[in-house]
Each structure stands twice: as C-alpha cells, then as structure tokens.
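Residue numbers (full-length UniProt numbering), protein chains in the order written: chain A, 1 to 217; chain B, 1 to 217.
Virtual Cβ for every residue (Gly too), placed ideally from N, Cα, C.
Below you'll find the structure, written out as structure tokens, and then a few comments.
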DNA sequence: CGATTTTTGAGACGCGAGTATCATATTGGT
DNA sequence: ACCAATATGATACTCGCGTCTCAAAAATCG
C-alpha cells in the first residue's frame, strides 16, 4: 500500500485496493447520473453509490472535483484523435465528426464543467486566470488538426484561425444552437462543422491572395 | 399609488414613488459591483446599497432576478443597433463593432447570466427549454443584420449562417479567448469579427457557386 | 490469531441563500 | 394633525453544501 502518514490528505491513487475501487464506483455513479441530465452534488452521488457522505467527501472535496473526474472520462476518446490526411480542412472535419457526437452525448457533464468554471471565475474576482478544466485541450486538438497549415499561413493567421475554431468547438455550441435555436444534436453539429470548414477555407484563401499579391511586386 | 391588496406580492412598477427609487438604487449598485468583477448575491447588494436584506429580497427574490435586471440595462445600447448599408458583411462588421466592446465592458454581468442560465438548465433536468435571459436577442440582431441576404441565400443557408454567427456573438467568445488563449478584449473582438466576416463571405460564395452551377444546366 | 493501520459511517457544526414574521417608520389623503 | 396603507428593518428559521470529530469496521502484516 502507498505511503501516507497524514490521515486525511490526498493520496496518490494506488490503482488497486479499496480506495481505487470506491473512487471508481463514485465516478461511474456520477457519470450515470449526469447522463441522465442531473448535475449531482457530492451528497447525491454518495447516496446513489450507497456510501456515506463523509466517505464521498474524502474522495471528492466538492462538486467541482467530481465533475472534473467525470469530464476526464468523457473526454478520453476525443483526446486520442489523430489526423490521417494532410488536408487541413479534412482533418478539421474529421475532428469535429469525432468530437461533437461525444460532446453531445455528455452534454450535461460538459455544461456542468462550464458552469463550475464560470463560478470559479466569478469568485476569483475576474482575475488570475488559471487553467480551467479541460478547456486547454481545445488548443492542442485544434493546432494539431491544423498542423498542415503551419507553413502556409503566417503565425498570426494560424493563431487567429485556431482561436476562431475554438469558439465553435465545445459545449457552448449546443448551449446556443439547441437552447435558443431549437436545433437537435445532429443539426447543431452540422452547423458547427460547416462553419469550421468555411473558416479553414477562408484562412487558406487569404493566404493565397497574400502570396500572389507579394509575387506581383 | 398603485392598487395592491396583498401585502408581499409583486407589484407593477409605478415608475415613480419610493418603490421605483429603491429598485433603481439596487440595480445601479448591483451593476457597479458587477463591473468591479463580482457577482454579488442579493444580500451583498443589500449591504452595498445600505438597505436591509429583507427589503432587497422584496425587490429581487433571488440572484437570478437581480442579474437579469442588470443585463437588461447593459444590453440597452446594443438592442438599438440599426444597419445603415445594404452590404451584409459591412452590417455584420458594424454590429460586432458596436456590440463586442459593450459585452466586454459588462463581461462579468453577461458571464453571470450565462452561469445562471446553465444552473437553471441543470435543475430542470435538461428538458423544457424555455426562453433564457437575453439570449433570444441574438437571433433578432443577427437576422436583422443579415437581412440583405434574405433573397440571395436559400432559407437553409441563411439560417445556417445566422446560427453559425450566433456561436461567435456572445460572452462565450471572451470566456474562451481570454481565459484559455490569454487574449485581451480587443484581440478577442478582432478574432470574432474576422470569423464573422469570413463566414458571411463563405455563405455568399457558396450561393454564387450554386447559381452558376444551376445556370450551366 | 492478534495488533496496527486504514477505511468507513454517523452525527454535529458553520456558513450562505432564501423565507417568514412582526414591529417600526414613512407616506398619502382628508 | 390624524389615520390607514405601505415600505422598511431586525430577527429567527429552513435547507443544502462542505468541514470536522470520533467510534466502528475492515484490511494488512507479523
């Protein structure tokens, strides 16, 4: 068993033993509740998992930690994405095709994460922007998918494209399109994918124009 | 004074008298606190406005109602926007130029509104999508700005464009670009504006292609 | 098996949000 | 100036989240 002299401090996960077992039980239970549309508190997960509140709070000090764990699980397959072609537009389309259905499936989970990150932001007095949840993964995934354009676009244009794409690559998408436009999951994903491809084409077209303009001089 | 036989029920706003005065004081105070980066509770506003908690709760039954009122104030100038040209891309650029600085200025307010709408969504069990806060205004503003394209695009293409634009026309923009890309307000607005114009051009180009293709047959 | 350490459960506690009640102050009409 | 209606303030209360403490249960090891 792992070393641990203090009694209530966080331990490194042993990956085996009763601690790992209980933790997994809680994450599974929380994930199930969330896919049912709820955003359960630690107490609620405790009850559903049939452990005492005190035990539950030993593993997850608050709702944020719990949601964070569920998000990591939900995110798994998306982070494994790897582009197969060198066509940037195709790569972006691939990425969106893979990620958006998964995000839609775990919509409640990701919305909860977004909500909690906003709460945190509000409490910190709108300063000290620290890495939030999984949001940083967007940058990696998108810059990865756009990698073929690294040479063709200026650094500024590349960043701007990645930044614009990150606006339409997340739960916010479903928040807006489903809640205020009354679209369904598939329609929402279609809109986002169209916009993403259009932005990639636009960035490439601008780069081409710049090149020919320079060539004329 | 207005009729009101029950003692604690909501009254129609008289627009004058002590009720209007106290209400305005609270909204002003809340707005000031929010621009300072806080998301004050009803109790906190009560203290800052130097009225008792009980009185404050008589005007705003909860934080949601309070934020709603502040959002309405902050939104004022944006809703007055009217396009001056018939060039759709120019109209969109205008709208973004007018709206984004204001949204940035009231960032904490709009983020609080977003947060509260997510809370509401979570509590309702992810069903029964009712009109949320001010989000519906996006549709009106964007379809208004895109009005010149009504004839040139198919209805489906028009809707898709408006939907895509609504993804990059809101606080979510700053949430993503400032918090995870570390941009500032101006840079964020620039990215959004570029993306918006690119999407409008893309939609128009697609329409043109479709027309010429049909003309060939 | 027996002793030590770790995990768990039960309950008490503090805190902040929102509600309810009652007494006091203020306003408006006559 | 007086009275009734209304606005306000102080306080107590419920409720859910998160913390803390202590004793019982369970796992580990000699």
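- In the structure shown, residue 40 of chain B adopts coil according to DSSP, grouped into three states.
- The closest CA to that of residue 180 of chain A, considering only B/136, B/159 and B/158, is found on B/136.
- Only 178, 179, 180, 181, 182, 183, 187, 188, 190, 191 and 192 from the segment 178-193 of chain B bring a Cβ to less than 9 Å from some Cβ of chain A.
- No residue range can be given for residue 51 of chain A, since it is assigned to no alpha helix (DSSP H) and is classified by DSSP as neither H nor E.
- Residue B/116 holds the alpha-carbon nearest to the alpha-carbon of residue 122 of chain A among B/116, B/166 and B/99.
- Look at the segment 74-107 of chain A: the residues with a C-beta under 9 Å from a C-beta of chain B are 107.
- For chain B, the residues of the segment 110-125 of chain A that bring a beta carbon within less than 7 Å of one of its beta carbons are 111, 112, 114, 115, 118, 119, 121, 122 and 125, in chain order.
- Interface annotation for the segment 143-167 of chain B against chain A: 160, 163, 164, 166 and 167, criterion Cβ-Cβ distance under 7 Å.
- When the five nearest sequence neighbours on each side are left out, the beta carbons in the same chain lying within less than 8 Å of the beta carbon of residue 157 of chain A are those of 203, 206 and 207, in order along the chain.
- Judged by their CB atoms, residue 109 of chain B and residue 69 of chain B are not nearer to each other than the 8 Å cut-off.
- Of the candidates A/51, A/104, A/147 and A/55, the residue whose Cα lies closest to the Cα of residue 187 of chain A is A/104.
- Around the beta-carbon of residue 40 of chain A, 16 or more other beta-carbon atoms lie within 10 Å, marking it buried.
- Restricting attention to A/59, A/43 and A/78, the CA atom closest to the CA of residue 99 of chain A is found in A/78.
- Assigned with DSSP and collapsed to three states, residue 154 of chain A falls in coil, not helix or strand.
- With a 10 Å radius around the Cβ and a threshold of 16 neighbouring Cβ atoms, residue 150 of chain B comes out exposed.
- Taking a beta-carbon distance threshold of 8 Å, residue 29 of chain A does not count as an interface residue toward chain B.
- For residue 64 of chain A, the closest of A/139, A/197, A/169 and A/111 by C-alpha to C-alpha distance is A/111.
- Sequence-distant partners of residue 95 of chain A (beyond 5 residues in either direction) whose C-beta falls short of 7 Å from its own C-beta, in its chain, are 81, 141 and 145.
- Annotated as proximal: residue 51 of chain B and residue 22 of chain B, with beta-carbon spacing under 8 Å.
- Under the three-state reduction of DSSP output, residue 148 of chain B falls in the helix class.
- Note that the C-beta distance between residue 176 of chain B and residue 166 of chain A is below 8 Å.
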